[in-house]
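In our numbering, the protein residues as written are 332 to 621.
Every residue gets a Cβ at the ideal spot worked out from N, C-alpha and C, and that includes glycine.
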């Protein structure tokens, strides 16, 4: 029985990994993924703040000593499990087929958690400091409130805001994650429609970019209340602005449950965390929804 379970474990691991590579989570392609992390916590990035030069007119002058502002950002991980049972060993034969719904179900569950982990990192509290001793929220200045209908004007406001913070929008690729209602409003914006005059605004089911921003439609973006109205939080960021750290990705196993009538069991687990890597390249459109 042990050899059979080992065989099923290897089969499940192989096919699960293959399916996961084919069906990534929504956010994973648009964030920086770091793998092979170890320990209870892991440093995501150590960055140095902006500095300025000092004007000097003397011929013989001392080299200035400019104090550098270092920021250390951390991944804090959690472990997530998935598992199921089969009526018999014969029922586990479906694991030989990588198109089996078993793989689709497991990968979909893990991908939903990956996306939730990334969203929690964008909108939530991050750990920073030498020993992750400081809690950091996304700066309030990074949140742009939109009380009118969503339209291409929001992307113009984004560009203006980023340029005012010395962000080189020409060399950076920003992706905007919006909800279905924001997409519907965008499709009703004449400026967006006419920018693709004579063409479809969808390319093989994908929304075409606008004013240099990639657009990705996502379900379940946070909905928050403000002064009696509801607002959808739509993040916009570059790939190097958000990190997903993976300790262990899709470790699977199969075994016989001796306490449950010798039923064959199947399980998988992964360990991961996420954090913001660069607040200056993250904005959140707080869009009013009716």
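Checklist entry - Roughly how many whole angstroms lie between the Cα atoms of residue 333 and residue 424? => result Position 2 of the chain shown, counted from the first residue, corresponds to residue 333. Position 93 of the chain shown, counted from the first residue, corresponds to residue 424. Note on residue 333: pLDDT 47, under 50, position unreliable in the model; the coordinate value appears next. Cα to Cα, residue 333 sits roughly 16 Å from residue 424.
Checklist entry - Are the Cβ atoms of residue 542 and residue 454 separated by less than 7 Å? => result Along the chain shown, one-based indexing puts residue 542 at 211. Along the chain shown, one-based indexing puts residue 454 at 123. Their beta carbons are not under 7 Å apart, which means residue 542 does not touch residue 454 by this criterion.
Item to check | Residue burial classification, residue 410 (beta-carbon count within 10 angstroms, cutoff 16) | outcome: Mapped onto the chain shown, residue 410 falls at position 79. Counting Cβ neighbours within 10 Å, residue 410 comes out exposed, since fewer than 16 surround it.
Checklist entry - In terms of residues, what are the limits of the alpha helix (DSSP H) holding residue 521? => result Start at 1 with the first residue of the chain shown, and residue 521 comes out as number 190. Taken as a continuous stretch (DSSP letters only), the alpha helix (DSSP H) holding residue 521 covers 521 to 525.
Item to check | 3-residue-minimum beta strand (DSSP E) runs that sit fully inside the segment 576 to 620, ordered along the chain | outcome: Fully contained in the segment 576 to 620 are the following beta strand (DSSP E) runs of length 3 or more, in chain order: 594 to 607 and 613 to 620.
Checklist entry - Is it the case that the Cβ atoms of residue 599 and residue 375 are separated by a distance below 7 Å? => result As a position in the chain shown, residue 599 is number 268, starting the count at 1. As a position in the chain shown, residue 375 is number 44, starting the count at 1. Cβ atoms of residue 599 and residue 375: not closer than 7 Å.
Item to check | Spatial distance of residue 576 from residue 337 (CA atoms) | outcome: If you number the chain shown from 1, residue 576 lands on position 245. If you number the chain shown from 1, residue 337 lands on position 6. Distance between the alpha carbons of residue 576 and residue 337 is about 29 Å.
Checklist entry - Which one of 607, 361 and 579 has the shortest CA to CA distance from residue 378? => result As a working mapping, residue 378 is identified with position 47 in the chain shown. Of the listed residues, the one whose Cα sits closest to residue 378 is 607.
Item to check | Where residue 550 falls: helix, strand or coil (DSSP) | outcome: Stepping through the chain shown from its first residue, residue 550 is reached at position 219. Residue state, collapsed to three classes: coil.
Item to check | Pairwise C-alpha distance: residue 465 and residue 539 | outcome: Position 208 of the chain shown, counted from the first residue, corresponds to residue 539. Position 134 of the chain shown, counted from the first residue, corresponds to residue 465. It is roughly 40 Å from the alpha-carbon of residue 539 to the alpha-carbon of residue 465.
Checklist entry - Quick one: what's got a C-beta closer than 6 Å to residue 346's C-beta in the same chain, skipping five residues either side? => result Along the chain shown, one-based indexing puts residue 346 at 15. Result list for residue 346: 429 and 434, in chain order.
Next on the checklist: Less than 6 Å between C-beta atoms, sequence neighbours within five positions excluded: which residues of the same chain meet that for residue 414?
Outcome noted: For the purposes of this step, residue 414 is taken as residue 83 along the chain shown, with counting starting at 1. Within the same chain, residue 414 has close Cβ partners 598.
Checklist entry - CB residue 418 to CB residue 356, shorter than 7 Å? => result Reading the chain shown from its first residue, position 87 is the one you call residue 418. Reading the chain shown from its first residue, position 25 is the one you call residue 356. No, these two residues do not count as a Cβ contact at 7 Å.
Item to check | Same chain, Cβ closer than 7 Å to residue 513, five either side skipped, listed in chain order | outcome: Translated into positions along the chain shown, residue 513 becomes position 182. Excluding residues within five positions, the ones whose Cβ falls inside 7 Å are 481, 563, 565 and 618.
Checklist entry - residue 604 and residue 407: beta carbons closer than 7 Å? => result Working through the chain shown from its first residue, we reach residue 604 at position 273. Working through the chain shown from its first residue, we reach residue 407 at position 76. In contact: residue 604 and residue 407 (Cβ atoms closer than 7 Å).
Checklist entry - Using CA coordinates, which residue listed in 504, 557, 405 and 398 is at the minimum distance from residue 371? => result Working through the chain shown from its first residue, we reach residue 371 at position 40. Cα-wise, what sits closest to residue 371 is 405.
Item to check | From 580, 495, 440 and 441, residue whose alpha carbon lies closest to that of residue 369 | outcome: Taking the chain shown and counting its residues from 1, one reaches residue 369 at position 38. The option with the nearest alpha carbon to residue 369 is 580.
Checklist entry - Candidates 567, 394 and 521: which alpha carbon is nearest residue 474's? => result To locate residue 474, count along the chain shown from 1; it is residue 143. It is 567.
Next on the checklist: Using a 10 Å radius around the Cβ and a threshold of 16 neighbouring Cβ atoms, would you call residue 494 buried or exposed?
Outcome noted: Mapped onto the chain shown, residue 494 falls at position 163. Classification of residue 494: exposed, given that the 10 Å Cβ count is below 16.
Item to check | In chain order, each beta strand (DSSP E) run of at least 3 residues that lies wholly inside the segment 346 to 410 | outcome: 363 to 366, 372 to 379 and 401 to 407
Checklist entry - Would residue 608 count as contacting chain B if we go by Cβ distances under 7 Å? => result Absent from the structure: chain B. Only one protein chain is present.
Item to check | Enclosing beta strand (DSSP E) for residue 507 [first to last residue] | outcome: Looking up residue 507 in the chain shown gives position 176. Where residue 507 is concerned, the enclosing beta strand (DSSP E) stretches over 505 to 509.
Checklist entry - For residue 539, which of helix, strand or coil comes out of DSSP? => result For the purposes of this step, residue 539 is taken as residue 208 along the chain shown, with counting starting at 1. Correct three-state label for residue 539: coil.
Checklist entry - On the premise that residue 393 lies in contact with residue 385, defined as a C-beta separation below 8 Å, what is that separation, rounded to the nearest angstrom? => result As a working mapping, residue 385 is identified with position 54 in the chain shown. As a working mapping, residue 393 is identified with position 62 in the chain shown. Contact flag wrong, Cβ pair sits at about 11 Å.
Next on the checklist: Pull the bridge partners of residue 467 from the DSSP assignment, please.
Outcome noted: Within the chain shown, residue 467 is the residue found at index 136, counting from 1. Paired residues: 457.
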